[in-house]
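See below:
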């Protein structure tokens, strides 16, 4: 597709359940980012991939959060034992080279809205 | 790590007036400063960016200024229009760290 695609667009789950959120970046973009956005706040950095490897995972809040990008394209954000405080919009973005690089613009997806009851 | 502060949190202007949003950053190594616009329920989209080797950049009605010494940068929108109404986020990234740190956002309302 032409843009960053995220699925599901909405996910409602119960406290304690496991969820997976998927991101399909723009073809050819080597950098992929996951952000979390709560109502009225700016996007909060979670993790950044360059190719298949996590170049920076310093934003992951705890070990319940994990992300993979096994083939350097699609990425999955995994949240174990969900808590009500995990409720937010999870944004994925991709970039040709990474923020700050010569072609560093981040292109965001529409987000996955996670609600933990 | 990097910390980005943004103000004001809300800004209301009359159509045709100018709007200014200001951000400060903490990491003196940061060298890339983009601004994103997010309409209600939509994805953030880049509107303008500036790198640390320039002090000002302009694109039609939008301009961004950077003061590296003071570690602050600002977004200026002139001749505002109702379609400029949105939430605007500043961000920063540093050398060697290709992840953006975002400010908390400014909700701009342009009154017709």
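Chains as they are written, first to last, in my numbering: chain C, 1 to 117; chain V, 1001 to 1112. C-beta: ideal position from N, C-alpha, C; glycine also. Since we're looking at a predicted model, the values are computed, not measured.
Within chain V, 1098 have C-beta atoms less than 8 Å from the C-beta of residue 31 (chain C), given in sequence order.
Judged by DSSP in its simplified three-state form, residue 1017 (chain V) adopts coil rather than helix or strand.
Against chain C, a Cβ distance below 9 Å from residue 1089 (chain V) picks out 42, 43. Listed along the chain, the chain C residues whose CB falls inside 9 Å of the CB of residue 1104 (chain V) are 40, 41, 42.
In this structure, DSSP gives residue 113 (chain C) an extended state, which the three-state scheme calls strand. Between the alpha carbons of residue 1003 (chain V) and residue 1082 (chain V) lies a distance of about 31 Å. Three or more beta-carbon pairs separated by less than 8 Å link the region 79-94 of chain C to the region 31-41 of chain C, which places the two stretches in contact. The beta carbon of residue 1076 (chain V) is closer than 6 Å to those of 1020, 1063 in its chain, skipping five residues each way along the sequence. The continuous beta strand (DSSP E) containing residue 13 (chain C) extends over residues 10-13. In this structure, the alpha-carbon of residue 39 (chain C) lies about 31 Å from that of residue 1068 (chain V). At least 9 Å separates the CB of residue 1012 (chain V) from every CB of chain C. When only Cα atoms are considered, residue 1071 (chain V) and residue 17 (chain C) end up about 43 Å apart. Contact check for residue 1032 (chain V) and residue 1049 (chain V): beta-carbon distance about 7 Å, within the 8 Å limit, so the pair qualifies. Note on residue 1059 (chain V): under 16 other CB atoms within 10 angstroms of its CB, so exposed under the neighbour-count rule.
Under a 10 Å Cβ-count criterion, residue 1010 (chain V) is classified as exposed, with fewer than 16 other Cβ atoms of the shown protein chains found around its own Cβ. In terms of beta-carbon proximity, residue 90 (chain C) stays away from the interface with chain V, with every pair separated by 9 Å or more. Using a Cβ-Cβ cut-off of 9 Å, residue 1001 (chain V) counts as an interface residue toward chain C, since at least one Cβ of chain C sits closer than that to its own. Taking C-alpha positions only, residue 60 (chain C) is separated from residue 1061 (chain V) by approximately 38 Å. Note on the region 42-94 of chain C: whole beta strand (DSSP E) runs with a minimum of 3 residues are 44-50, 53-56, 65-68, 75-79, in chain order. An exposed status is given to residue 58 (chain C), since fewer than 16 other beta-carbon atoms sit within 10 Å of its beta-carbon. At least one beta carbon of chain C lies nearer than 9 Å to the beta carbon of residue 1006 (chain V). In the DSSP annotation of this structure, the continuous segment of the beta strand (DSSP E) that includes residue 1076 (chain V) starts and ends at 1072-1077. Residue 1083 (chain V) sits in a helix when the DSSP states are folded into three classes.
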